[in-house]
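J.: Chains as they are written, first to last, in this note's numbering: chain D, 1 to 293; chain F, 1001 to 1286.
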């Protein structure tokens, strides 16, 4: 009797919990769209400037989130340019070369790096800037380059992990065929293993892009500012979407600015979820294409 | 020739792996190096266990430590049952179609930026809380904890689901063959087998909760005073780092944030170490 009751209550409570989770998610997201849906127009992005002029950098955009979007794009590209080669190379080493003695040590190091709060990574980036400023060149200030480096630190453990698991989960049949035919280990890696696990690696890279786009704490300490326009070089300060949202939430002066904040939040939300869906789709789709061509 | 190329390439791979693991140590050394002036003066215990009042020259981090822990624990109290319930549904209790939809939804939830959650909650939840409390701004530990729970839940759910699914098929099939219902299979076969994984996922979620900046920065109120109750506004370690940045680089305020960074680093590193130890312990026993 007691057990019957327990079983029934577990079942009901599970449904309730899930309902609670989905309800709170939809309330927050729905509220965002309800309040900000009307501000989703071209003027949200470009303000009063003609879109073509803004994109061709002929005129600066003042009352729109275009500079913040461009800043976020630069951040993603910069961070991924640094993180992708290191992450994939590290992942290949972990999966293919690493001896079983040092693997636990490296694994632990990557896990710790993955677990460090992003604000601490940002703090480390700031310290790097201070050191460079003191001992290397006077004109180094927190800038786009430093932020990209810090974001790269943040996502590199994820890239290593996704590459490593992708390579390790290759079927033994695929793994051993090329060496049996006389291929060297390098040939096996570049011609067989990497192409074979490309979908998983690619989906890891897209996930990492999403993390770069959403992270606020790192860039907050390493050079993002509220108004900078489009950065002219990697050594300049810049704007970014997540920071813009945070800034608006604490410093908005009127309903217009607040509406732009809602709009920016919706755009960032759409950007990040699109990337996530893309990564899931890539994982599934490319696998199907490769297998059932 | 091929041999030389392949050994060069191998060194490049090795260099990448070693470089990243050195980064882990470098971040720690950086923080230690900058925090050393404060640590050397022998005030570590004073620093950790006194209050924050720069006017009197006291730079204690005790209120922030307490707030960080309190907020993380409170949000885990909310998100643990919710994640467990959802993972139960995804692994066995719900019909197949609903399971797939739920799994997709949870995966997409992992990608939602924390700043977006916080922004929406700031204009929805905070006014409600203000009305309930009847005083203050409505920002408090209690306001931030459900949002933080929403942020940590997807990670925990995915981890729970994968550890519940790892239970060997021979066990679950045996339960089916004996005529057990889905709930019985779940409660008496899968959960007892998967509990180390569930504990591990909770550790992981706790680490995320303590390391999150935006939720506590935007919703917890940021008052550096010691919180008397969970309805008080308070400041976490992460928010403290973000807020103190504006000060002069040589001031004591600025130096104290490295101690903040160090404690956060150590807390998350210890959590990860526990996580690793448990994972290897479990895989040995299986």
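Beta carbons: idealized from backbone N, C-alpha and C, even for Gly.
So is residue 1221 of chain F buried or exposed if we call it buried at 16+ other beta carbons inside 10 Å?
T.: As a first step, residue 1221 of chain F must be located in the second chain, where it is residue number 221. Flag for residue 1221 of chain F reads buried.
J.: So what does DSSP say about residue 224 of chain D, is it helix, strand or coil?
T.: Indexing the first chain from 1 puts residue 224 of chain D at position 224. DSSP places residue 224 of chain D in strand when its eight states are reduced to three.
J.: The alpha helix (DSSP H) that contains residue 1106 of chain F, what's its start and end?
T.: Within the second chain, residue 1106 of chain F is the residue found at index 106, counting from 1. Unbroken alpha helix (DSSP H) run through residue 1106 of chain F: 1096 to 1109.
J.: Residue 266 of chain D and residue 33 of chain D - do their beta-carbons sit closer together than 8 Å?
T.: The sequence position of residue 33 of chain D within the first chain is 33, counting from 1. The sequence position of residue 266 of chain D within the first chain is 266, counting from 1. For residue 33 of chain D and residue 266 of chain D, yes; Cβs fall inside 8 Å.
J.: With DSSP run on the structure shown, which of helix, strand or coil describes residue 1059 of chain F?
T.: Taking the first residue of the second chain as 1, we reach residue 1059 of chain F at position 59. Here residue 1059 of chain F sits in strand by DSSP.
J.: Can you tell me the Cβ-Cβ gap for residue 1127 of chain F and residue 1138 of chain F, rounded? I've got them flagged as a contact below 8 Å.
T.: For the purposes of this step, residue 1127 of chain F is taken as the residue at position 127 of the second chain. For the purposes of this step, residue 1138 of chain F is taken as the residue at position 138 of the second chain. About 6 Å separates the two Cβ atoms, so the contact holds.
J.: Between which two residues does the alpha helix (DSSP H) harbouring residue 15 of chain D extend?
T.: Position 15 of the first chain, counted from the start, is the residue given in the question as residue 15 of chain D. Residue 15 of chain D -> alpha helix (DSSP H) spans 2 to 36.
J.: Could you confirm whether any beta carbon from chain F is found closer than 8 Å to the beta carbon of residue 5 of chain D?
T.: Indexing the first chain from 1 puts residue 5 of chain D at position 5. So no, residue 5 of chain D is outside the interface.
J.: From residue 293 of chain D to residue 146 of chain D, what distance separates their C-alpha atoms?
T.: Locating residue 293 of chain D in the first chain gives position 293, counting from the first residue. Locating residue 146 of chain D in the first chain gives position 146, counting from the first residue. With a pLDDT of only 42 at residue 293 of chain D, under the threshold of 50, the placement of this residue in the model should not be trusted; the figure read from the coordinates follows. So the two alpha carbons sit approximately 44 Å from each other.
J.: So, helix, strand or coil for residue 1052 of chain F, using DSSP?
T.: Taking the first residue of the second chain as 1, we reach residue 1052 of chain F at position 52. In the structure shown, residue 1052 of chain F sits in a strand (DSSP, three-state: E or B).
J.: Alpha carbon to alpha carbon, how far is residue 1151 of chain F from residue 118 of chain D?
T.: Residue 1151 of chain F sits at position 151 when you count from the first residue of the second chain. Residue 118 of chain D sits at position 118 when you count from the first residue of the first chain. Residue 1151 of chain F and residue 118 of chain D: Cα-Cα distance of roughly 15 Å.
J.: Roughly how many whole angstroms lie between the Cα atoms of residue 27 of chain D and residue 99 of chain D?
T.: Taking the first residue of the first chain as 1, we reach residue 27 of chain D at position 27. Taking the first residue of the first chain as 1, we reach residue 99 of chain D at position 99. When rounded, the distance between both Cα atoms is 50 Å.
J.: Which whole-angstrom value describes the C-beta separation of residue 242 of chain D and residue 1115 of chain F, a residue pair presumed to lie in contact below a C-beta threshold of 8 Å?
T.: Against the first chain, residue 242 of chain D aligns to sequence position 242. Against the second chain, residue 1115 of chain F aligns to sequence position 115. The pair is a contact, with the Cβ atoms about 5 Å apart (cut-off 8 Å).
J.: Please list, in chain order, the residues of the region 69 to 100 of chain D that have any C-beta partner in chain F closer than 9 Å.
T.: Under the 9 Å Cβ criterion, the region 69 to 100 of chain D contributes 85, 86, 87, 88, 89, 90, 91, 92, 93, 94, 96, 97 and 98.
J.: If you run the structure through DSSP and keep just helix, strand and coil, what is residue 1117 of chain F?
T.: Taking the second chain and counting its residues from 1, one reaches residue 1117 of chain F at position 117. Of the three classes helix, strand and coil, the one that applies to residue 1117 of chain F here is helix, per DSSP.
J.: With burial defined as no fewer than 16 other Cβ atoms inside 10 Å of the residue's Cβ, what is the status of residue 179 of chain D: buried or exposed?
T.: Taking the first chain and counting its residues from 1, one reaches residue 179 of chain D at position 179. Exposed is the call here.
J.: Which full runs of the alpha helix (DSSP H) of 4+ residues lie inside the region 130 to 172 of chain D, going along the chain?
T.: With a minimum length of 4 residues, the continuous alpha helix (DSSP H) runs that stay inside the region 130 to 172 of chain D are 144 to 168.
J.: Whose C-beta lies closer than 8 Å to the C-beta of residue 1004 of chain F among residues of the same chain, with five residues either side of it excluded?
T.: Stepping through the second chain from its first residue, residue 1004 of chain F is reached at position 4. Contacts found: none.
J.: Using a Cβ-Cβ distance under 8 Å, would residue 1211 of chain F count as near chain D?
T.: In the second chain, the residue the question calls residue 1211 of chain F occupies position 211. Closer than 8 Å to some Cβ of chain D, the Cβ of residue 1211 of chain F qualifies, so yes.
J.: Taking residue 43 of chain D and residue 64 of chain D to be in contact with their CB atoms under 8 Å, please state how far apart those CB atoms are, rounded to whole angstroms.
T.: Taking the first residue of the first chain as position 1, residue 43 of chain D is located at position 43. Taking the first residue of the first chain as position 1, residue 64 of chain D is located at position 64. At roughly 7 Å, the Cβ-Cβ gap stays under 8 Å, so residue 43 of chain D and residue 64 of chain D are in contact.
J.: Alpha carbon to alpha carbon, how far is residue 50 of chain D from residue 1287 of chain F? Give it in angstroms, no decimals.
T.: Chain F is shown only over 1001 to 1286; residue 1287 of chain F falls outside these bounds and no answer can be derived.
J.: Measure from the C-beta of residue 1076 of chain F to each C-beta in chain D and report whether the shortest distance is under 8 Å.
T.: Within the second chain, numbered from 1, the residue matching residue 1076 of chain F stands at position 76. For residue 1076 of chain F, the answer is no, since every Cβ of chain D falls outside 8 Å of its Cβ.
J.: In whole angstroms, what separates the C-alpha of residue 205 of chain D from that of residue 1054 of chain F?
T.: Counting from 1 along the first chain, the entry for residue 205 of chain D is found at position 205. Counting from 1 along the second chain, the entry for residue 1054 of chain F is found at position 54. If I take the Cα positions, the gap works out to 44 Å.
J.: Against chain D, which members of the region 1192 to 1216 of chain F pass a CB distance test of less than 9 Å?
T.: Under the 9 Å Cβ criterion, the region 1192 to 1216 of chain F contributes 1204, 1207, 1208, 1210, 1211, 1212, 1213 and 1214.
J.: Tell me the residue span of the alpha helix (DSSP H) that contains residue 1193 of chain F.
T.: Taking the second chain and counting its residues from 1, one reaches residue 1193 of chain F at position 193. Looking at the DSSP string, the run of the alpha helix (DSSP H) that includes residue 1193 of chain F is 1191 to 1211.
J.: Enumerate, from N- to C-terminal direction, the unbroken alpha helix (DSSP H) stretches of 4 or more residues contained entirely within the region 1224 to 1256 of chain F.
T.: For the region 1224 to 1256 of chain F, whole alpha helix (DSSP H) runs of length 4 or above, ordered along the chain, are 1237 to 1244.
J.: Taking its Cβ as the centre, do 16 or more other Cβ atoms sit within 10 Å of residue 1112 of chain F, making it buried, or is it exposed?
T.: The count along the second chain starts at 1 and reaches residue 1112 of chain F at position 112. When all chains shown are included, residue 1112 of chain F counts as buried.
J.: Inspect the beta-carbon positions of residue 159 of chain D and residue 115 of chain D and report whether they are closer than 8 Å.
T.: Along the first chain, read from residue 1 onward, the residue named residue 159 of chain D stands at position 159. Along the first chain, read from residue 1 onward, the residue named residue 115 of chain D stands at position 115. Not a contact, by the Cβ cut-off of 8 Å.
J.: Does the count of Cβ pairs from the region 1157 to 1172 of chain F and the region 1075 to 1093 of chain F closer than 8 Å reach three?
T.: Result yes; three or more Cβ-Cβ pairs closer than 8 Å.
J.: Suppose you measure from the CA of residue 1073 of chain F to the CA of residue 1239 of chain F; what does that come to, to the nearest Å?
T.: On the second chain, position 73 is the one that residue 1073 of chain F refers to. On the second chain, position 239 is the one that residue 1239 of chain F refers to. Cα to Cα, the separation comes out at about 17 Å.
J.: Decide if residue 237 of chain D is buried, meaning its Cβ has at least 16 other Cβ atoms within 10 Å, or exposed.
T.: Taking the first residue of the first chain as position 1, residue 237 of chain D is located at position 237. By the neighbour-count rule (16 or more Cβ atoms within 10 Å), residue 237 of chain D is buried.
J.: Could you tell me whether any Cβ in chain F is nearer than 8 Å to the Cβ of residue 117 of chain D?
T.: Indexing the first chain from 1 puts residue 117 of chain D at position 117. Closer than 8 Å: yes.
J.: Can you tell me whether residue 122 of chain D is helix, strand or coil according to DSSP?
T.: One-based indexing of the first chain puts residue 122 of chain D at position 122. Correct three-state label for residue 122 of chain D: helix.
J.: Less than 8 Å between CB atoms is the rule here; does residue 281 of chain D satisfy it with respect to chain F?
T.: Taking the first chain and counting its residues from 1, one reaches residue 281 of chain D at position 281. No, its Cβ sits nowhere closer than 8 Å to a Cβ of chain F.
J.: Tell me where the alpha helix (DSSP H) around residue 212 of chain D begins and ends.
T.: Looking up residue 212 of chain D in the first chain gives position 212. Per DSSP, residue 212 of chain D belongs to the alpha helix (DSSP H) from 198 to 214.
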